[in-house]
Amino acid sequence: MAVAALLTTASIAACGDSGDSSEGAAKTLTYWASNQGASIEFDKQTLQPELDKFEQQTGIKVNVEVVPWSDLLNRLLAAATSGKGPDVVNIGNTWSASLQATNALVPFDDATLAKVGGKDRFVPAALAAAGAPGKPPAAVPLYSLAYALYYNKKMFTDAGVTTPPTTWEELVETGKKLTKSGQWGLAVEGANPSENSHHAFTFGQQWGGEWFDSAGKPTFDTPQNVAAVKRYIDLMAVDKIVNPSNAEYAQNQSVADFANRKAAMLLWQAAGSNFKAQGMSPEEWGIAPVPFPATTPPGGKKVNSMVAGINMAVFKHTENLDGSLEFVKFMTSDAEQVILNKTYGSLPSVKTANADPAFQAPEQKVLGEVLGTTAAPLPQVPEESQFETLVGTAMKELFADAAGGKPVTEAQVKEKLGVAQQKMGS
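Using our numbering, the first residue of the sequence shown is number 6, and each one after it goes up by one.
Pasting the structure below:
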């Protein structure tokens with residue numbers, strides 16, 4: 006998710022003291038984009054021609070800064086608190102309710118949605134992950150994503166494996182066949198809290214767990230969640246199909262390992278364009294839905310991905326609300342949705358763009374099927390971003406223990422999740 010790079014902070018436009026923006030400021034927007042491609046530079050090169058197009062159409066210049074995932078949430082929260090910062094931002098859709106609770110974002114009520122093309126344009130599952138239930142969305146969906154299992158076709162063939170695994174038991178068995186000198190069965194991003202927490206959610210759903218109760222209170226250390234997290238950590242700790250060095254991965258190194266044939270399998274969101282950027286041809290890899298347990302645990306759900314994606318929001322402190330909404334409308338237009346999602350390998354968030362041939366490729370078909378049938382949104386509660394940070398960090402520590410050769414017990418997992426739960430709200 007995060008790609009570290011030196012960034013030049015974009016000029017903060019339209020931040021005058023008076024309500025009357027100067028003509029120049031009114032014609033300039035600052036936009037924080039999330040890092041969707043193989044590098045910060047790739048994203049700048051992808052976005053700039055589209056921003057130029059918007060300026061030609063409207064006369065509004067957009068200054069873009071691509072913010073790494075490792076910094077984005079903290080910077081958004083700082084901008085929300087200070088009332089200073091960009092006009093328009095990309096946000097991880099799982100943060101929608103957390104950022105909505107700051108009251109710093111423009112609510113997309115029906116009248117505001119009408120200014121960007123109307124509520125009915127958007128894919129319902131994507132719009133459902135844009136804020137707390139019962140409130141106007143805090144953002145609109147921009148890129149839609151889901152997790153899938155990627156596998157190296159040649160490595161599978163060489164090991165006599167004819168089909169991708171559909172259960173975790175099969176994945177472990179396959180992973181063991183594929184783990185040998187200089188090669189590992191599976192790559193994971195063990196030091197990335199967001200990535201860890203996404204898997205905690207999916208495994209939790211499969212094992213019958215919930216991370217928050219119906220009142221929005223955290224329920225981190227239940228037996229179901231403990232078993233779910235342990236199953237994921239055990240891929241390294243017990244099954245030994247993950248390289249211990251993956252415990253330190255937090256900047257897409259697991260994707261690089263897969264693309265560079267150091268790992269045979271990867272659980273990721275729309276990774277195809279990233280593989281291509283690293284010199285791996287589409288013929289070399291296959292894609293399948295994320296596995297399920299062979300026997301469904303009590304209360305387990307048929308969920309194998311979060312509803313992943315990127316939303317686009319507008320800060321209330323903008324001095325050019327009309328221009329900001331015009332920019333959101335442009336970025337969610339059919340033409341831009343096809344151009345941008347085609348580049349990133351993600352799926353359009355608007356219904357009409359999905360019919361484009363660009364989204365009928367095997368990868369997009371699998372992702373679309375998962376999004377439409379077996380994906381569930383992360384809890385849309387204000388504390389969701391804290392859940393990602395605290396549970397994801399607890400899992401990072403458990404991976405570090407596993408990498409160091411320490412046994413990871415249920416009691417240890419329960420203790421770590423209990424400590425994370427105690428920190429909630431503090």
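Every residue gets a Cβ at the ideal spot worked out from N, C-alpha and C, and that includes glycine.
| Asked | Found |
| --- | --- |
| For W216 and E420, the rounded distance between their alpha carbons | 15 Å |
| For E70, the residue or residues it bridges with in DSSP | W37 |
| For L403, three-class secondary structure by DSSP | helix |
| Limits of the unbroken beta strand (DSSP E) element including M270 | 268-274 |
| In DSSP terms, what P367 is bridged to | For P367, which the question treats as bridged, DSSP gives no partner whatsoever. |
| Identity of the residue in P129, V67, S39 nearest E331 by Cα | V67 |
| Those residues which DSSP pairs with G314 across a bridge | S149 |
| Between the CA atoms of G122 and M317 - distance to the nearest angstrom | 14 Å |
| P142 classed as buried or exposed, judged by whether at least 16 other C-beta atoms fall within 10 angstroms | buried |
| Touching by the beta-carbon criterion (3+ pairs, under 8 Å), the segment 123-136 and the segment 300-316 | yes |
| Same chain, Cβ closer than 6 Å to T162, five either side skipped, listed in chain order | none |
| 8 Å contact criterion, which L56 and V69 should meet: CB distance rounded | 6 Å |
| Euclidean distance between Cα positions of V295 and T378 | 13 Å |
| CB contact flag (A205, V234, <7 Å) | yes |
| With 16 other Cβ atoms within 10 Å as the buried cut-off, status of P353 | buried |
| Whether G432 touches G190 by CB criterion (7 Å) | One cannot answer for residue 432 here, as it falls past the ends of the chain, which runs 6 to 431. |
| Neighbourhood of M160 by C-beta, 6 Å cutoff - its chain only, sequence neighbours within 5 removed | L183, A269 |
| Local Cβ density within 10 Å of G64, reported as buried at 16 or more and exposed below that | exposed |
| Identity of the residue in Y156, P91, E253 nearest E402 by Cα | E253 |
| L82 in three-state terms, based on DSSP | helix |
| Expected contact under 8 Å - CB spacing of A151 and S101 to nearest Å | With 8 Å as the limit, A151 and S101 do not qualify as a contact, their Cβ atoms being about 17 Å apart. |
| Coil, strand or helix - S27 by DSSP | Model confidence at S27 stands at a pLDDT of 42, short of 50, so the residue's coordinates are unreliable; what they give is reported in the following sentence. Residue state, collapsed to three classes: coil. |
| Limits of the unbroken beta strand (DSSP E) element including G97 | 93-97 |
| Backbone secondary structure at Q188 - three-state DSSP | strand |
| K120 versus V333: straight-line alpha-carbon distance, rounded | 9 Å |
| Where W173 falls: helix, strand or coil (DSSP) | helix |
| Closest residue to K356 among P198, S149, F280 (Cα-Cα distance) | S149 |
| Local conformation of W100 per DSSP, three classes | helix |
| Coarse secondary structure for I246, derived from DSSP in three states | coil |
| Residue range of the unbroken alpha helix (DSSP H) whose run includes I45 | 45-63 |
| Collapsed DSSP secondary structure at L132 in the structure displayed | helix |
| Closest by C-alpha distance to A299, when choosing among V145, M429, L176, G42 | L176 |
| Cβ-based burial, A360 [other Cβ within 10 Å; buried from 16] | exposed |
| Close-in-space but distant-in-sequence residues of the same chain around L81 (CB under 7 Å, 5 per side omitted) | V94, I96, L104 |
| 6 Å Cβ shell around G90 - same chain, five flanking residues per side excluded | A84 |
| Straight-line gap, S27 to S329 (C-alpha atoms, nearest Å) | Note that S27 has pLDDT 42, beneath the 50 cutoff, so the model's placement of it is unreliable and the number below is only indicative. Looking at the two C-alpha atoms, the distance is approximately 16 Å. |
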